[in-house]
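**Student:** Submitted below is the structure of interest, expressed as structure tokens.
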Amino acid sequence: MFAHLGTFTIEADVRHCLDLAAAALRRYGLDAWFPPDDGEFVIVGGDDRVAVQVSCAPVQDATWVAVVGYSTDAAVAEYGRNAIRAHMTNPASPPLPPP
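Going by the working numbering, the first residue of the sequence shown is number 1, and it counts up by one from there.
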């Protein structure tokens with residue numbers, strides 16, 4: 001199993017962060033296996049090749065985000081992380097091509 005982690009901050013509240021993560025999962029055809037309920041800071045989704053976990057935590061006037069892609073294929077794990085992170089940091093960007 002391979003894991004690729006990336007962190008960043010966005011100027012948004014936790015709810016908006018989780019909404020961006022859910023939209024990113026949908027954009028790449030991934031199912032939200034564990035969508036966040038009220039008060040939770042994590043969303044997990046994926047398909048039969050990759051699992052992606054997005055954690056959002058409030059920090060001062062922003063939200064700290066960790067995106068982790070997991071797969072038995074290192075390139076797929078990295079792609080999962082990169083694709084979700086790219087959408088969350090710039091939703092208007094074109095989709096990343098698959099590995």
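Here a beta-carbon is modelled for each residue, glycine too, at the ideal position from N, C-alpha and C.
If I follow the unbroken beta strand (DSSP E) through V44, where does it start and stop?
**Tutor:** Counting from 1 along the sequence shown, the entry for residue 44 is found at position 44. Start and end: 42–46.
**Student:** Between which two residues does the alpha helix (DSSP H) containing V148 stretch?
**Tutor:** Nothing in the structure corresponds to residue 148, since the chain is present only between 1 and 99.
**Student:** If you reduce the DSSP assignment to three classes, tell me which class Y70 lands in.
**Tutor:** Here residue 70 refers to the residue found at position 70 of the sequence shown. Y70 falls in the strand class under three-state DSSP.
**Student:** Between the beta-carbon of R27 and the beta-carbon of P95, is there less than 9 Å?
**Tutor:** Translated into positions along the sequence shown, residue 27 becomes position 27. Translated into positions along the sequence shown, residue 95 becomes position 95. A contact, by the Cβ cut-off of 9 Å.
**Student:** Expressed to the nearest angstrom, what Euclidean distance is found between the alpha-carbon atoms of T63 and V44?
**Tutor:** Counted from its first residue, the sequence shown places residue 63 at position 63. Counted from its first residue, the sequence shown places residue 44 at position 44. Rounded to the nearest angstrom, the two C-alpha atoms are 18 Å apart.
**Student:** In or out: P91 buried (at least 16 other Cβ within 10 Å) or exposed?
**Tutor:** As a working note, residue 91 is residue 91 in the sequence shown. Classification for P91: exposed.
**Student:** Might you give, ordered along the chain, the residues of its own chain that have their beta carbon closer than 7 Å to the beta carbon of P120, omitting 5 neighbours on each side?
**Tutor:** This structure cannot speak to residue 120, because the chain is shown only from 1 to 99.
**Student:** Start and end of the beta strand (DSSP E) containing D31?
**Tutor:** Residue mapping note: residue 31 aligns to position 31 of the sequence shown, counting from 1. Note, D31: beta strand (DSSP E), 31–34.
**Student:** Can you tell me whether G39 is buried or exposed, with buried defined as 16 or more other CB within 10 angstroms of its CB?
**Tutor:** One-based indexing of the sequence shown puts residue 39 at position 39. Classification for G39: exposed.
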